[in-house]
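Participant:
Numbering (the numbering used here), first residue to last: 168 to 505.
(1) By Cβ distance below 8 Å, which residues in the same chain neighbour residue 259 in space, the five residues on each side in sequence not counted?
(2) Using only the heavy atoms of the ligand FAD, determine whether one of them is closer than 6 Å to the beta carbon of residue 275.
(3) Do the segment 494-503 and the segment 461-476 make contact, defined as three or more Cβ pairs closer than 8 Å?
(4) If you drop the 5 nearest sequence neighbours on each side, which residues of the same chain put their C-beta closer than 7 Å to that of residue 228?
(5) State the DSSP-derived secondary structure class of residue 169, mapped to helix, strand or coil.
(6) Between which two residues does the alpha helix (DSSP H) carrying residue 223 extend?
(7) So, are the CB atoms of residue 178 and residue 482 less than 7 Å apart?
(8) Determine, using beta-carbon pairs with one atom in the segment 379-398 and one in the segment 356-365, whether at least three such pairs fall under 8 Å.
(9) Would you mind stating whether residue 180 and residue 216 have Cβ atoms separated by less than 7 Å?
(10) Return the CA-CA distance between residue 325 and residue 396, expressed in angstroms with no decimal places.
(11) Under the assumption that residue 417 contacts residue 443 (Cβ atoms under 8 Å), give the Cβ distance between them as a whole number of angstroms.
(12) Out of curiosity, what's the CA-to-CA distance linking residue 205 and residue 401?
(13) Is the segment 486-493 close to the segment 313-325, with three or more CB pairs under 8 Å?
(14) Report the option in 370, 467, 348, 344 whose CA atom is closest to the CA atom of residue 355.
(15) Could you give the C-beta distance for residue 304 and residue 455, rounded to a whole number, given that I count them as a contact under 8 Å?
(16) Output needed for residue 486: all residues of its chain with C-beta closer than 6 Å, excluding positions within five of it in sequence on either side, in chain order.
(17) Pick out whichever of 336, 448, 225, 277 has its Cα sitting closest to the Cα of residue 349.
(18) Rounded to whole angstroms, what's the CA-CA distance from residue 380 to residue 274? Just pull it up for me.
(19) Mind checking which residues open and close the beta strand (DSSP E) that includes residue 440?
(20) For the beta strand (DSSP E) that residue 198 lies in, which residues bound it at each end?
(21) DSSP has residue 501 in a bridge; who is on the other side?
(22) Where does residue 338 land, buried or exposed, given buried means 16+ other C-beta within 10 angstroms?
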């Protein structure tokens with residue numbers, strides 16, 4: 168067994184109660200616990216980075232979904248990167264950096280089979296939670312397989328300054344899109360869409376009529392829409408879609424904090440335009456990471472894939488980061504540095 172001087176206690180964030188609508192501090196507890204012994208085939212990871220993502224809001228509800236809800240009075244889960252400080256697994260030595268799914272804690276005991284060793288010599292460790300993580304993979308698969316972009320298409324991306332959207336606009340351009348339109352909240356974010364993230368036109372969702380603005384930004388209609396918002400954004404996109412257009416449904420953040428059923432868009436337009444609307448759960452495509460990394464790593468290394476991070480420090484600020492990502496406070500990937 169390879170070890171260093173190991174901590175005996177660590178901190179975790181637990182789910183204390185399930186919110187009915189907007190989550191608050193009262194729904195979480197920061198708890199000090201003993202670091203458990205690791206068993207054969209396990210590693211102890213000192214987490215250095217953790218991700219907070221909008222989908223985590225759904226796991227706070229005790230309701231059937233594609234992923235089990237968080238347990239009450241237990242640590243939350245999510246993607247994290249860390250350094251192995253103890254190992255009882257020959258495949259993952261002490262000193263290796265790994266990605267895993269037991270975030271929301273400063274130290275994690277992880278089955279070696281559930282950890283992936285990552286190379287932090289070429290790119291920062293945090294990149295494996297952003298452009299090289301599930302958010303980057305989502306953008307890539309959404310535009311190559313779920314709603315594939317063809318040469319000359321007009322592409323619209325909502326939440327375009329977020330973790331998925333900031334990568335998606337650049338991928339759409341690489342795939343041959345003739346025009347790429349994004350929407351975001353506020354003048355600073357919309358400016359970044361055209362100056363850094365590869366968009367031809369940017370819409371401020373907080374200003375004016377979204378459907379009207381989208382019609383002006385894409386006067387010849389939309390062929391592909393990557394939807395992370397749902398609600399009025401999906402409704403506006405369906406109005407602007409060209410016949411036989413394609414929609415990738417990867418999120419619906421506008422309704423995550425809403426209790427009860429949501430009013431949906433008029434899907435009759437999808438029928439009359441013969442549109443394809445397809446959902447995507449990125450966790451079902453994790454085997455595609457090697458393919459994606461082979462393409463995205465060179466883009467990141469030569470600087471042609473431009474990314475941003477919004478970083479908060481300390482586990483005690485993880486809930487603040489989570490509230491922020493639900494409210495659109497992040498540009499690029501929202502991360503917590505531990």
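Beta carbons: idealized from backbone N, C-alpha and C, even for Gly.
Facilitator: A quick look at the data gives this:
(1) To locate residue 259, count along the chain shown from 1; it is residue 92. Counting only Cβ-Cβ distances below 8 Å, and skipping sequence neighbours, we find 210, 251, 265, 279, 282, 284.
(2) The ligand FAD is not part of the structure shown, which contains no ligands of any sort.
(3) yes
(4) Along the chain shown, one-based indexing puts residue 228 at 61. For residue 228, where only same-chain residues beyond five positions count, the Cβ hits under 7 Å are 185, 236.
(5) Taking the first residue of the chain shown as 1, we reach residue 169 at position 2. Caution applies to residue 169, whose pLDDT of 49 falls short of 50 and renders its modelled position unreliable; the value that the coordinates give is listed next. Residue 169 falls in the strand class under three-state DSSP.
(6) The residue labelled residue 223 in the question sits at position 56 within the chain shown. Residues 223-226.
(7) Numbered from its first residue, the chain shown carries residue 178 at position 11. Numbered from its first residue, the chain shown carries residue 482 at position 315. Residue 178 places its beta carbon less than 7 Å from that of residue 482.
(8) No, the segment 379-398 is not in contact with the segment 356-365.
(9) Within the chain shown, residue 180 is the residue found at index 13, counting from 1. Within the chain shown, residue 216 is the residue found at index 49, counting from 1. The answer is no: Cβ separation not under 7 Å.
(10) Position 158 of the chain shown, counting from 1, holds the residue named residue 325. Position 229 of the chain shown, counting from 1, holds the residue named residue 396. The straight-line gap from Cα to Cα measures roughly 6 Å.
(11) For this step, residue 417 is matched to residue 250 along the chain shown. For this step, residue 443 is matched to residue 276 along the chain shown. Not confirmed; about 14 Å, so no contact.
(12) By 1-based counting over the chain shown, the position of residue 205 is 38. By 1-based counting over the chain shown, the position of residue 401 is 234. If I take the Cα positions, the gap works out to 47 Å.
(13) no
(14) Here residue 355 refers to the residue found at position 188 when the chain shown is read from its first residue. The option with the nearest alpha carbon to residue 355 is 370.
(15) As a working note, residue 304 is residue 137 in the chain shown. As a working note, residue 455 is residue 288 in the chain shown. With a Cβ gap of about 7 Å, residue 304 and residue 455 count as contacting.
(16) As a first step, residue 486 is located in the chain shown; it is residue number 319 there, counting from the start. For residue 486, where only same-chain residues beyond five positions count, the Cβ hits under 6 Å are 195.
(17) Against the chain shown, residue 349 aligns to sequence position 182. A check of alpha carbon separations from residue 349 across 336, 448, 225, 277 identifies 336 as the nearest.
(18) In the chain shown, counting from the first residue as 1, residue 380 sits at position 213. In the chain shown, counting from the first residue as 1, residue 274 sits at position 107. One C-alpha to the other measures close to 47 Å.
(19) Taking the first residue of the chain shown as position 1, residue 440 is located at position 273. Careful: residue 440 lies outside any beta strand (DSSP E) and carries neither H nor E.
(20) The residue given as residue 198 occupies position 31 in the chain shown. Taken as a continuous stretch (DSSP letters only), the beta strand (DSSP E) holding residue 198 covers 195-201.
(21) Position 334 of the chain shown holds residue 501. Beta-bridge pairing links residue 501 to 477.
(22) The count along the chain shown starts at 1 and reaches residue 338 at position 171. With 16 or more Cβ atoms within 10 Å of its Cβ, residue 338 is classed as buried.
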